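Participant:
Protein chains: 4
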Amino acid sequence: MDEVSAHRPAAKEPSRRTGGRSARVRAAVLAATVEALLDGGLSSLSVADVAERAGVHQTSIYRRWGTKDNLVVDALLSRVGTEAPIPDTGSLEGDLRAFVSESAAFMATPLGAALARVAVAMGDSPELAEIRHEYWSRALSNAGRMFERAATRGELAREVDPQVAVEAIAGPLYMRMLLTGQALDPEFLNGVVDTVLHGTQAITAG
Amino acid sequence: MDEVSAHRPAAKEPSRRTGGRSARVRAAVLAATVEALLDGGLSSLSVADVAERAGVHQTSIYRRWGTKDNLVVDALLSRVGTEAPIPDTGSLEGDLRAFVSESAAFMATPLGAALARVAVAMGDSPELAEIRHEYWSRALSNAGRMFERAATRGELAREVDPQVAVEAIAGPLYMRMLLTGQALDPEFLNGVVDTVLHGTQAITAG
Amino acid sequence: MDEVSAHRPAAKEPSRRTGGRSARVRAAVLAATVEALLDGGLSSLSVADVAERAGVHQTSIYRRWGTKDNLVVDALLSRVGTEAPIPDTGSLEGDLRAFVSESAAFMATPLGAALARVAVAMGDSPELAEIRHEYWSRALSNAGRMFERAATRGELAREVDPQVAVEAIAGPLYMRMLLTGQALDPEFLNGVVDTVLHGTQAITAG
Amino acid sequence: MDEVSAHRPAAKEPSRRTGGRSARVRAAVLAATVEALLDGGLSSLSVADVAERAGVHQTSIYRRWGTKDNLVVDALLSRVGTEAPIPDTGSLEGDLRAFVSESAAFMATPLGAALARVAVAMGDSPELAEIRHEYWSRALSNAGRMFERAATRGELAREVDPQVAVEAIAGPLYMRMLLTGQALDPEFLNGVVDTVLHGTQAITAG
DNA sequence: GGATAAGCGAGACGGTACGTCTCGTCTTTTG
DNA sequence: CAAAAGACGAGACGTACCGTCTCGCTTATCC
């Protein structure tokens with residue numbers, strides 16, 4: 002007997018080639034969602050608005066994404082890669098200064114702001130929280146390489162936990178943006194870098 | 002046991018005497034709001050629910066607070082003082098370890114979680130953002146005294162900015178709670194304290 | 002002399018006296034429902050349409066009536082009394098001929114047609130069926146008086162059941178209207194009357 | 002090869018022989034439709050439900066029948082012949098008593114109930130009303146033979162219109178089933194038969 | 001017996017309607 | 001006369017269904 006699935010349809014999901022109606026709708030909706038998110042924020046985002054911007058019927062959105070939350074998450078993830086380029090300047094200090102600078106610039110961006118806000122809101126639902134966790138884990142572990150490289154270069158003791166260090170850098174930035182609303186001015190950024198830089202370098206095996 | 006905090010820090014609005022019906026309604030609504038906030042979160046909080054819990058009509062709430070946002074802010078501020086006790090153990094390290102420990106404990110509290118969530122959401126509206134700014138300025142400057150005392154004791158150089166330092170401590174905690182959802186375990190807390198402690202101590206006039 | 006505006010309530014917003022806003026809304030919606038029912042039939046009746054005709058918001062309709070069925074039933078009952086005038090000509094034959102004539106005329110009316118159609122559709126839901134049952138019981142027992150009067154006059158034996166007799170008269174009419182769609186022409190009506198008239202008169206105590 | 006309705010009016014489109022996939026689909030869908038109709042009624046019948054029951058895709062149904070109405074009509078006609086056996090007991094009274102008894106039994110059947118309900122609903126659309134008219138004309142003229150035979154036997158005057166007479170018999174039954182929801186108990190049935198029997202027999206040429 | 005056309009499975013989509021849930025406003029009634 | 005009570009306007013949400021469309025594959029018929 003022949004193996005049953007000799008000519009199985011290659012991929013399981015995206016069977017349509019590229020230009021299918023589905024793909025078109027999906028792209029349009031995602032784009033419209035991000036657009037709406039940027040000029041209006043998460044709170045004033047309605048499916049009806051997205052549908053109109055995308056030139057698509059509301060029901061098509063509900064059919065595919067089920068709920069508004071899913072839509073927003075999908076839209077955001079489709080735009081924001083977790084693989085932001087991590088600076089590699091040759092020294093930890095250079096890396097960190099570049100990193101906070103770039104991070105601050107991104108957070109000042111509407112997209113960056115929306116992303117963080119949405120991430121906070123995702124804490125309400127368990128399954129969304131799960132997605133959120135995966136996203137941040139990846140992003141943080143990515144940024145952690147700055148410290149790993151420093152350790153490789155001998156700039157840092159092996160005892161320094163890259164994970165903690167990267168949160169020590171990023172945490173204050175997010176706190177300002179989300180919680181206190183203060184500006185991410187260079188003095189602040191430099192102060193944070195100084196603290197973490199010295200703080201990690203002071204840690205030794207002993 | 003309905004005695005509602007007889008010595009609440011003189012509210013600024015209610016000009017009625019303390020025993021009037023108005024005061025009773027106000028207290029009941031505020032209590033109900035916090036209660037509802039705790040079991041359900043901000044997203045699933047409705048004025049109707051609060052009204053029912055408080056045994057009060059919806060219109061009475063709208064008459065007094067105008068909008069849901071105001072109600073929530075008022076309720077939270079009535080419960081959460083900005084004057085949290087800042088540890089004073091005699092050494093910076095002791096202070097910081099006590100501080101992160103207490104902070105983590107409070108954040109694990111439903112009230113603490115709600116407070117931060119609400120604060121994030123307040124970023125949408127300018128006037129709420131203003132209130133938020135005042136709250137955090139006070140709280141942070143309060144906590145900053147730990148570093149000021151250390152400087153006075155000679156543990157720290159005068160060049161260390163207490164404001165930056167306190168955000169370097171608190172930021173990573175809030176980041177975990179709000180953004181990544183990771184646990185505030187002792188290892189993490191110790192790592193943060195170590196980093197900031199060494200980081201600030203390494204800063205000198207030179 | 003001013004005809005109408007002598008005493009007060011401004012023509013456009015007649016409140017105070019009998020009609021609060023609620024009453025006004027109720028009346029408008031009921032009227033709009035009947036109107037929509039007449040030009041369009043039951044199947045193509047939408048709450049949105051009714052709301053627009055009534056100048057009222059959809060939610061107000063759902064708030065009060067809960068579901069479309071209830072609305073339709075209420076609207077119909079508010080227009081159609083069960084106390085249709087039963088002919089009293091002095092003889093059974095006169096009564097019956099008048100009765101079928103008037104009944105046929107009413108059935109030819111859009112309202113009459115809609116009423117019967119809706120009544121059939123009400124059979125699906127138990128509670129609606131209950132309302133329906135009460136309506137028809139009353140109407141049939143009302144019409145039954147024609148036969149009771151005839152019995153009193155000695156035209157009919159006491160053994161004749163007025164209930165059965167009235168259904169024998171009305172049944173064929175409804176059957177044509179609802180089921181076969183044939184016209185209720187005079188020949189048919191006369192034939193039915195003849196049959197029932199003779200049929201009942203032939204029944205005796207023996 | 003369980004041909005359903007051997008005398009269906011020569012299918013217009015699908016001239017496939019008998020065992021093809023098409024025929025299988027058709028039979029399955031029709032059966033599923035009737036089944037769904039019986040447990041749920043016309044109002045709660047959806048194409049999706051029928052498709053699932055039949056193990057067939059929705060599109061296949063729409064392709065063949067175009068619209069739900071057509072499907073229902075086809076399904077019903079495939080099951081219900083218009084050629085119900087008309088009693089022939091030798092006397093008009095015997096015929097009529099058997100007829101009402103059998104009719105009542107059929108109406109008590111889910112299929113019988115559904116059939117009548119659907120027939121009423123068909124009044125909305127002109128073309129469906131046309132089909133309905135043909136069906137009932139045939140059925141009534143069929144039943145009319147009871148009276149024709151009676152006339153032949155001399156039991157009835159030639160002046161009695163069989164068409165009217167049969168509607169006088171059936172009308173009250175349908176009225177109860179469709180409109181008032183009362184039970185078709187023996188007393189009622191006997192009363193109706195008595196009335197029509199005497200009523201028709203009293204009619205003479207004079 | 002292989003081309004070929006008719007039909008089917010699968011998956012969206014446009015579109016209409018339904019009924020629910022809030023928010024914040026307005027009117028009516030009541031103490 | 002002010003607060004309680006109760007609708008109401010407004011608008012979003014999510015669901016159910018109808019009927020349409022496109023694509024790829026499977027049959028059955030026909031040349």
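Protein chains in written order, with the working numbering: chain A, 2 to 207; chain B, 2 to 207; chain C, 2 to 207; chain D, 2 to 207. No residue lacks a Cβ here, since even glycine has one placed at the ideal position from N, Cα and C. Remember, it's a predicted structure, so these values are computed and weren't measured experimentally.
From glycine 146(B) to glycine 172(A), what does the alpha carbon distance come to, in whole angstroms?
Facilitator: The residue asked about is misnamed: residue 146(B) is arginine in this sequence, not glycine. Roughly 21 angstroms between the two C-alpha positions.
Participant: Across the stretch 94-112 of chain B and the stretch 172-192 of chain B, are there enough close Cβ pairs to call them in contact, namely three or more that are closer than 8 angstroms?
Facilitator: yes
Participant: Would you check if the stretch 51-61 of chain C and the stretch 106-126 of chain C touch, i.e. whether three or more CB-CB distances between them fall below 8 angstroms?
Facilitator: no
Participant: Count the other CB atoms, across all protein chains shown, that sit within 10 Å of the CB of proline 86(A); report buried if there are 16 or more and exposed otherwise.
Facilitator: exposed
Participant: Around the C-beta of threonine 90(D), are 16 or more other C-beta atoms found within 10 angstroms, so that it is buried, or is it exposed?
Facilitator: exposed
Participant: Pick out whichever of Ala130(B), His199(B), Ser92(B) has its Cα sitting closest to the Cα of leucine 179(A).
Facilitator: Ala130(B)
Participant: Taking C-alpha atoms, which residue in Ser47(D), Ala99(D), Ala33(D), Leu46(D) lies nearest to serine 79(D)?
Facilitator: Ala33(D)
Participant: Classify leucine 198(A) as buried or exposed, calling it buried when 16 or more other Cβ atoms lie within 10 Å of its own Cβ.
Facilitator: The residue in question, leucine 198(A), is buried, as its Cβ has 16 or more Cβ neighbours within 10 Å.
Participant: Excluding the 5 residues preceding and the 5 following threonine 205(C) in the sequence, name in chain order all residues of the same chain whose CB lies nearer than 6 angstroms to its CB.
Facilitator: Ala158
Participant: Given a limit of 8 angstroms on CB to CB distance, which residues of the stretch 121-151 of chain C reach chain D?
Facilitator: Hits within the stretch, in order: Val121, Ala122, Gly124, Asp125, Ala130, Arg133, His134, Trp137, Ser138, Leu141.
Participant: Using a Cβ-Cβ cut-off of 6 angstroms (strictly less than) and excluding sequence neighbours within five positions of glutamine 183(D), which residues of its own chain qualify?
Facilitator: Arg177
Participant: Can you have a look at arginine 118(B) and say buried or exposed, based on whether 16 or more other CB atoms are within 10 angstroms of its CB?
Facilitator: buried
Participant: Which same chain residues, not among the five before or five after alanine 29(D), have their C-beta less than 7 angstroms away from its C-beta?
Facilitator: Ala55, Gly56, Val57, listed in sequence order.
Participant: Secondary structure at serine 61(D), three-state DSSP: helix, strand or coil?
Facilitator: helix
Participant: In the stretch 157-193 of chain D, which residue ranges form an unbroken alpha helix (DSSP H) of at least 4 residues, counting only runs that do not cross its ends?
Facilitator: Fully enclosed alpha helix (DSSP H) runs of 4 or longer: 163-175.
Participant: Whole angstroms are fine: how far does the CA of phenylalanine 100(A) sit from the CA of leucine 77(A)?
Facilitator: 22 angstroms
Participant: Report yes if the C-beta of valine 194(C) is less than 7 angstroms from at least one heavy atom of the ligand ZN; otherwise report no.
Facilitator: Absence of the ligand ZN from the depicted structure is noted, as is the absence of any ligand whatsoever, leaving it without description.
Participant: Buried or exposed for alanine 24(C), going by 16 or more other Cβ atoms inside 10 Å?
Facilitator: It counts as exposed.
Participant: Is the CB of proline 173(A) under 8 angstroms away from at least one CB in chain B?
Facilitator: yes
Participant: Specify, as a first and last residue, the run of the alpha helix (DSSP H) that leucine 77(C) falls within.
Facilitator: 69-80
Participant: Give me the Cα-Cα distance between glutamine 164(B) and alanine 120(B), rounded to the nearest whole angstrom.
Facilitator: Approximately 19 angstroms, taken between the alpha carbons.
Participant: Taking Cβ positions, are alanine 151(C) and leucine 72(C) nearer each other than 8 angstroms?
Facilitator: Not a contact, by the Cβ cut-off of 8 angstroms.
Participant: Looking only at its own chain, which residues have a Cβ that is under 7 angstroms from the Cβ of glycine 21(A), when we skip the five neighbours before and after it?
Facilitator: none
Participant: Is DSSP giving glycine 42(C) helix, strand or coil here?
Facilitator: coil
Participant: Give the C-beta separation of alanine 169(D) and threonine 196(C) to the nearest angstrom, bearing in mind that I take them to be a contact with Cβ-Cβ under 8 angstroms.
Facilitator: 5 angstroms
Participant: Mark leucine 139(A) as exposed unless 16 or more other C-beta atoms lie within 10 angstroms of its C-beta, in which case mark it buried.
Facilitator: The sequence given here places arginine at residue 139(A); leucine does not occur at that position. Exposed, since its Cβ has fewer than 16 Cβ neighbours within 10 Å.
Participant: Runs of 4 residues minimum, wholly inside the stretch 111-161 of chain D: which ones carry the alpha helix (DSSP H) assignment?
Facilitator: 111-122, 127-154
Participant: Need the endpoints of the alpha helix (DSSP H) that glycine 95(A) sits in, please.
Facilitator: 93-109
Participant: Exposed or buried, glycine 200(B), counting other C-beta atoms within 10 Å across all chains shown (16 or more means buried)?
Facilitator: buried
Participant: Which term fits valine 194(D), buried or exposed, when burial requires 16 or more other beta carbons within 10 angstroms of its beta carbon?
Facilitator: buried
Participant: Return the CA-CA distance between leucine 141(B) and glycine 42(A), expressed in angstroms with no decimal places.
Facilitator: 27 angstroms
Participant: Using 8 angstroms as the limit for Cβ to Cβ distance, is methionine 108(B) near chain A?
Facilitator: no
Participant: So, is the C-beta of arginine 9(C) closer than 8 angstroms to a C-beta in chain D?
Facilitator: Residue placement at arginine 9(C) is flagged as unreliable, the pLDDT there being 35, under the threshold of 50; the coordinate-derived value follows with that caveat. Output row for arginine 9(C): interface = no.
Participant: Would DSSP call alanine 85(D) helix, strand or coil?
Facilitator: coil
Participant: Determine, using beta carbons only, whether aspartate 186(A) comes closer than 8 angstroms to chain B.
Facilitator: The C-beta of aspartate 186(A) comes no closer than 8 angstroms to any C-beta of chain B.
Participant: List, in chain order, every chain A residue whose beta-carbon is nearer than 7 angstroms to that of aspartate 162(B).
Facilitator: Simply Gly192.
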